[in-house]
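Inspection log for the structure reproduced underneath, given as structure tokens.
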Amino acid sequence: MGVTPTSDTINLIRINKWDFEWQGAYLFKKFLKIPAGSMIYANGSYDNTVSISNPNPVLVQSGLNTNDEMFIFIFQFTDYQIGDENIMIDNSVLTNTINNSQYTNNKLVKTIDLIGRKTNTLYNTPILELYDDGSVKKKIIID
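In terms of numbering that gives the first Met the number 0, the sequence shown has 95 at position 96, counting the first letter as 1, and numbering is strictly consecutive.
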């Protein structure tokens with residue numbers, strides 16, 4: 000759940016019945032634009048009272064053992080740019096909707112990866128192209 004600076008709530012996800020086959024992650028189809036200054040909260044509970052053994056809680060480490068009772072909440076975020084909420088991030092068909100004309104008069108200064116390391120253009124890897132006017136072109140070349 001998100002809570003905006005004006006105390007409005009944004010319900011992000013609610014899973015009433017966990018699907019074992021989806022345990023990798025629940026993802027949105029598109030990026031969500033959440034107002035600056037909002038707080039994001041996650042809350043999970045697991046009721047094992049119907050379990051025959053009803054074991055006491057134990058520390059569970061990450062890994063592939065799906066017999067353990069566990070939760071992990073991961074939030075990913077990025078600075079907003081106009082139109083980000085229209086980017087499809089699910090497995091749907093990709094189309095090119097970039098207007099390349101805005102970059103024709105700019106000089107490319109450098110190309111970096113997502114953590115800021117200078118890099119060459121790579122296939123199947125997100126890269127950022129930094130231009131002399133301060134603009135940034137985000138792209139991924141699909142091989």
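Ideal placement from N, C-alpha and C gives every residue a C-beta, glycine not left out.
Source: prediction; values computed, not measured.
Near the ligand COA: residue i beta-carbon under 7 Å from a heavy atom
i: D132; result: In terms of ligand content, the structure shown is empty, and the ligand COA therefore cannot be addressed.
CB of residue i within 8 Å of CB of residue j, strictly
i: I81; j: K28; result: no
i: P4; j: G43; result: no
i: N47; j: N55; result: no
i: I86; j: T110; result: no
i: F147; j: I51; result: Here the chain covers residues 0 to 142 and nothing more, so residue 147 does not appear.
i: K138; j: E128; result: yes
Pick from the options that is closest to residue i, judged by C-alpha positions
i: L107; options: Y40, G43, D132, M0; result: D132
i: N144; options: Y122, V2, K16; result: Given a span of 0 to 142 for the chain in the structure shown, any question on residue 144 remains unanswerable.
i: T124; options: Y130, L113, S134; result: L113
Bridge partner(s) assigned by DSSP for residue i
i: I39; result: G1
i: V135; result: L129
i: Y79; result: For Y79, which the question treats as bridged, DSSP gives no partner whatsoever.
i: T110; result: E128
i: K29; result: M87
i: Y122; result: I140
Reduced DSSP secondary structure (H/G/I, E/B, other) of residue i
i: T48; result: coil
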